[in-house]
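From first to last, the protein sequence lines are chains A and B.
Quick note: the numbering used here has the first sequence finishing at residue 284, numbered continuously throughout.
Quick note: the numbering used here has the second sequence finishing at residue 424, numbered continuously throughout.
Glycine included, every Cβ here is placed at the ideal spot set by N, Cα and C.
Note that the structure is predicted; figures quoted are calculated from it, not measured.
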Amino acid sequence: MHLVIEPGLASANYWRDLWRYRELLYFLAWRDLAVRYKQTAIGVVWALLRPALTMVVFVLFRRLVGIDRGGVPDALLVLAAVLPWQFFANALSESSASLINNTNLISKVYFPRLIVPIAAVFTAFVDFLITVGLLAVVMAWQGFAPGWTLLALPLFVALTFVLSTGLGLFLAALNVEYRDFRYVVPFVIQVGLFISPIAFSSANVPERWHGLYFLNPMVGIIDGFRWSILGGRTPIDPASLGSSIAITAAAAVAGVWYFRRMERHFADVI
Amino acid sequence: MSAPLISVDGLGKRYRIRHEQAQRYTALRDVIAQKAAAPLRWFRSGAPPAAPAEEDFWALKDVAFTVREGEVLGIIGRNGAGKSTLLKILSRITEPTEGRVVLRGRAASLLEVGTGFHPELTGRENIFLNGSILGMSRAEITAKFDEIVAFAGTERFLDTPVKRYSSGMYVRLAFAVAAHLEPEILIIDEVLAVGDAEFQQKCLGKMGEVARSGRTVLFVSHQLATVENLCHTGLLLDGGRVQTIGAVRDVIAAYSAGSAPLTRESFATRADRRGNGAIRFVDAAVLDAEKRPRGAFVSGASSVFELRLQNTTGEPVRAVHVSVGIENAMGQRVTTWSTSYAGGDFRSVPSGEFVVDIHLPRLALLPGSYQYYLFTTVNGDVADWLLPAGSFEVEAGDYYGTGQLPGPRDGIFISDHAITLTH
Numbered sequence: 015m016h017l018v019i020e021p022g023l024a025s026a027n028y029w030r031d032l033w034r035y036r037e038l039l040y041f042l043a044w045r046d047l048a049v050r051y052k053q054t055a056i057g058v059v060w061a062l063l064r065p066a067l068t069m070v071v072f073v074l075f076r077r078l079v080g081i082d083r084g085g086v087p088d089a090l091l092v093l094a095a096v097l098p099w100q101f102f103a104n105a106l107s108e109s110s111a112s113l114i115n116n117t118n119l120i121s122k123v124y125f126p127r128l129i130v131p132i133a134a135v136f137t138a139f140v141d142f143l144i145t146v147g148l149l150a151v152v153m154a155w156q157g158f159a160p161g162w163t164l165l166a167l168p169l170f171v172a173l174t175f176v177l178s179t180g181l182g183l184f185l186a187a188l189n190v191e192y193r194d195f196r197y198v199v200p201f202v203i204q205v206g207l208f209i210s211p212i213a214f215s216s217a218n219v220p221e222r223w224h225g226l227y228f229l230n231p232m233v234g235i236i237d238g239f240r241w242s243i244l245g246g247r248t249p250i251d252p253a254s255l256g257s258s259i260a261i262t263a264a265a266a267v268a269g270v271w272y273f274r275r276m277e278r279h280f281a282d283v284i
Numbered sequence: 002m003s004a005p006l007i008s009v010d011g012l013g014k015r016y017r018i019r020h021e022q023a024q025r026y027t028a029l030r031d032v033i034a035q036k037a038a039a040p041l042r043w044f045r046s047g048a049p050p051a052a053p054a055e056e057d058f059w060a061l062k063d064v065a066f067t068v069r070e071g072e073v074l075g076i077i078g079r080n081g082a083g084k085s086t087l088l089k090i091l092s093r094i095t096e097p098t099e100g101r102v103v104l105r106g107r108a109a110s111l112l113e114v115g116t117g118f119h120p121e122l123t124g125r126e127n128i129f130l131n132g133s134i135l136g137m138s139r140a141e142i143t144a145k146f147d148e149i150v151a152f153a154g155t156e157r158f159l160d161t162p163v164k165r166y167s168s169g170m171y172v173r174l175a176f177a178v179a180a181h182l183e184p185e186i187l188i189i190d191e192v193l194a195v196g197d198a199e200f201q202q203k204c205l206g207k208m209g210e211v212a213r214s215g216r217t218v219l220f221v222s223h224q225l226a227t228v229e230n231l232c233h234t235g236l237l238l239d240g241g242r243v244q245t246i247g248a249v250r251d252v253i254a255a256y257s258a259g260s261a262p263l264t265r266e267s268f269a270t271r272a273d274r275r276g277n278g279a280i281r282f283v284d285a286a287v288l289d290a291e292k293r294p295r296g297a298f299v300s301g302a303s304s305v306f307e308l309r310l311q312n313t314t315g316e317p318v319r320a321v322h323v324s325v326g327i328e329n330a331m332g333q334r335v336t337t338w339s340t341s342y343a344g345g346d347f348r349s350v351p352s353g354e355f356v357v358d359i360h361l362p363r364l365a366l367l368p369g370s371y372q373y374y375l376f377t378t379v380n381g382d383v384a385d386w387l388l389p390a391g392s393f394e395v396e397a398g399d400y401y402g403t404g405q406l407p408g409p410r411d412g413i414f415i416s417d418h419a420i421t422l423t424h
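Okay, here's the thing in structure tokens:
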């Protein structure tokens, strides 16, 4: 093995190193999960309680406001949206804080730094998988059978994964340089909760607002989740899906690019 | 002869130092405020805004050396000489600003013991986590697991969270993982300054074994004796530049010579003193517990501050008080060592020269520069008073025995403490 260290040359072996350190990705994600479950009394129940309570609140909200129920049980309609939203929100907040939370690693050991925020997204992904179990229970309870559209679900999961990774990388790198961003992320997530179709459906949004509304990449993803889980009984606008895919791709490319550009200074400024 | 395993050429690292900013990180609000204020200033003064108060600082400059296969190179130098920066570049934690390093072999670096250890996880879990952080594959860790545990001697506590470990056990386990890395190039920083004496011996043995097995080791330490024992060649850094490189004895000699004024500070020619001169301070020296000269104190290490004094009266004198006042770089008095507190004033001292040793078990000073004042009285009359007498450095050391070295940012003094959790 032959390794050259020069200014601006860290990239030469980067992707090969990333592959070589893939086990570290697993260990970091595992560490975060193991620690969380050791430090909490009810452990895994938290992963279920949050989406379950969110679902209850939004179902009550829908009943109170009197939003048209359509052909799908409210609980399922809301849960199908809470699932991707919570995955996105957890992944984004954990990955954006991940570098700061691992300062000691970054200042003392070399490894491709991309691993840290990606491991945080994986941690959120495990929680997501647990909540999928909750969805299955609610579906069985409601006597709701999914259709062939369920086959498309992995596509939407992948979209959420890539979107939150891309944005997470961007925010994680910004967070190292400007600590203000730790206040920005919770705010973005809070606003996102209201401008994404979780309590309501995209059908409730007037058509003339669609141009603006579809700029939120979670719109296409959440509508996709609903369409896929609810057997095509809710509509999905191809324009919103296209916008989601485009924004996700842009976020991923920009996130990786920005992260790689800032990465070489992390150890100096963190 | 084959090509050197490590070649470093023209290596430099520049840091930008921002003035007027105590925080290490930037806050966006500051950047926005600065950018927003700039045109306003420009408008008022009629001139373009001056560049922000930034200064370049070269932590390393024009560093060049080579290391052959099987060589054990000891890197020494004072605080701030660039040792850590050099190690960080060689470990790829940070990029150089200029120059080039070629490493012909798998390198592993150990800048801290127990990096990434998580207190909530068990010993077993931490071995896997730490091993993987240091670049071992899971298969490698599994293969060496028993060896690591045996080396650390913590078999019984494998399934106990490491937060319940004693600090000694914690350090042993952490070092054990690192000691079982098998790279061709091993880069080590100060890790031997941890643990009890017996375990340090064990670590030294392991390092010697690594060195003898033909692997290349780069080793940074303040402990000159260890460097001399372990290394063939030495490299002395000073102000970011290579001062001397060569046989380890010569380099250590150069280091000791360079730090002579610090090692023994003479007051013979000083005129800025008060007192009747019945007793005068001759010189002062920083020594380790075995009374060997040291360039500087080390936090947590046992040391001796040796004062030589001269009784000029030609006969023994009675009731002699000696005290040393220590001030930090900010001019704050940090502590006082005094015969009043330790053992009482001397009833009698002989005529001529005599030596007063101030024994300092576990020196509780944070790393940094200190000034000291010397004061002595005979029968209550001031005999000699030097303000300030001289200065010494304190280097980072493992005061708490945890491998986590308290640093200059931690405050103005070190205090022993225990922290417990109650549910």
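Asked, Found
"For the region 84–115 of chain B, enumerate the residues whose C-beta is nearer than 8 Å to any C-beta of chain A, in chain order.", "K89, I90, L91, S92, R93, I94, T95, E96, P97, T98, E99, G100, R101, V102, V103, L104, R105, G106, R107, A108, S110, L112, E113"
"Determine whether the Cβ of Y16(B) lies closer than 9 Å to any Cβ atom of chain A.", "yes"
"Measure from the C-beta of Q53(A) to each C-beta in chain B and report whether the shortest distance is under 9 Å.", "yes"
"If I'm right that L91(A) touches L181(A) with Cβ under 8 Å, what's the distance once you round it to whole angstroms?", "In fact, because the Cβ distance is near 26 Å, the residues do not count as touching under 8 Å."
"Measuring only between beta-carbons, confirm whether Q22(B) sits less than 9 Å from chain A.", "Model confidence at Q22(B) stands at a pLDDT of 44, short of 50, so the residue's coordinates are unreliable; what they give is reported in the following sentence. Judged by the 9 Å Cβ criterion, Q22(B) is not in contact with chain A."
"Give the residues from the region 124–158 of chain B that approach chain A closer than 8 Å (Cβ to any Cβ), ordered along the chain.", "E126, F129, L130, S133, I134, L135, G136, S138, R139"
"Compare the C-beta of L122(B) with all C-beta atoms of chain A and state if any pair is closer than 9 Å.", "yes"
"Please confirm whether F125(A) has its beta-carbon closer than 9 Å to some beta-carbon of chain B.", "yes"
"Alpha carbon to alpha carbon, how far is R240(A) from T248(A)? Give it in angstroms, no decimals.", "7 Å"
"Between which residues of its own chain and T155(B) is the CB-CB distance below 7 Å, once the five residues before and five after are set aside?", "G124, M170, R173, L174"
"Between the beta-carbon of P120(B) and the beta-carbon of K14(B), is there less than 9 Å?", "no"
"What separation, rounded to the nearest whole angstrom, lies between the Cα atoms of R213(B) and V140(A)?", "46 Å"
"Do three or more CB pairs link the region 26–39 of chain A to the region 116–130 of chain A at distances below 8 Å?", "yes"
"Identify every run of the alpha helix (DSSP H) within the region 128–194 of chain A, keeping only runs that are complete inside it and at least 4 residues long; order them along the chain.", "129–156, 167–191"
"Measuring alpha carbon to alpha carbon, tell me which residue in R34(A), L97(A), A61(A) is nearest I243(A).", "L97(A)"
"Measuring only between beta-carbons, confirm whether G75(B) sits less than 9 Å from chain A.", "no"
"Quick one: does S257(A) have its CB under 9 Å from some CB of chain B?", "no"
"Under 8 Å, CB to CB, which of the residues in the region 46–72 of chain A have a partner in chain B?", "A48, V49, K52, Q53"
"Report yes if the C-beta distance between L135(B) and L182(B) is below 9 Å; otherwise report no.", "yes"
"Figure out for me which residue from S110(B), A285(B), I7(B), V150(B) has the closest Cα to the Cα of A390(B).", "A285(B)"
"Check whether chain A comes within 9 Å of V221(B), counting only Cβ atoms and requiring the distance to be less than that.", "no"
"Classify R105(B) as helix, strand or coil using the three-state DSSP reduction.", "coil"
"For A261(B), would you say it is in contact with chain A, using Cβ-to-Cβ distances shorter than 9 Å as the test?", "Confidence is the limiting factor: at A261(B) the pLDDT is only 45, short of 50, which leaves the residue's position unreliable and the question unanswerable from this model."
"Could you name the residues that DSSP lists as bridge partners for K14(B)?", "L61(B)"
"Just to confirm, is the Cβ distance from L87(B) to A108(B) under 9 Å?", "no"
"Listed in chain order, which residues of the region 170–181 of chain B have Cβ atoms closer than 9 Å to some Cβ of chain A?", "none"
"In chain order, what residues of the same chain lie with their CB nearer than 6 Å to the CB of R410(B), ignoring the 5 residues before and after it?", "none"
"Of all the options S257(A), A94(A), L113(A), which has the alpha carbon lying nearest to the alpha carbon of S215(A)?", "A94(A)"
"Please classify T68(A): does DSSP put it in a helix, a strand, or coil?", "helix"
"Does V1(B) get closer than 9 Å to chain A when you measure Cβ to Cβ?", "Within the shown structure, residues of chain B are numbered from 2 to 424, placing residue 1(B) beyond reach of any answer."
"Around the C-beta of W44(A), are 16 or more other C-beta atoms found within 10 angstroms, so that it is buried, or is it exposed?", "buried"
"Note down, in chain order, all residues in the region 394–416 of chain B with a beta-carbon under 8 Å from any beta-carbon belonging to chain A.", "none"
"Let me confirm a value: L42(A) is counted as buried when at least 16 other C-beta atoms fall within 10 Å, else exposed. Which label applies?", "buried"
"Classify A55(A) as buried or exposed, calling it buried when 16 or more other Cβ atoms lie within 10 Å of its own Cβ.", "exposed"
"Leaving out five residues on either side along the sequence, give the residues of the same chain with a beta carbon under 7 Å from the beta carbon of T117(A).", "I284"
"For A61(A), count neighbouring Cβ atoms within 10 angstroms of its own Cβ and tell me buried if that reaches 16, exposed if not.", "buried"
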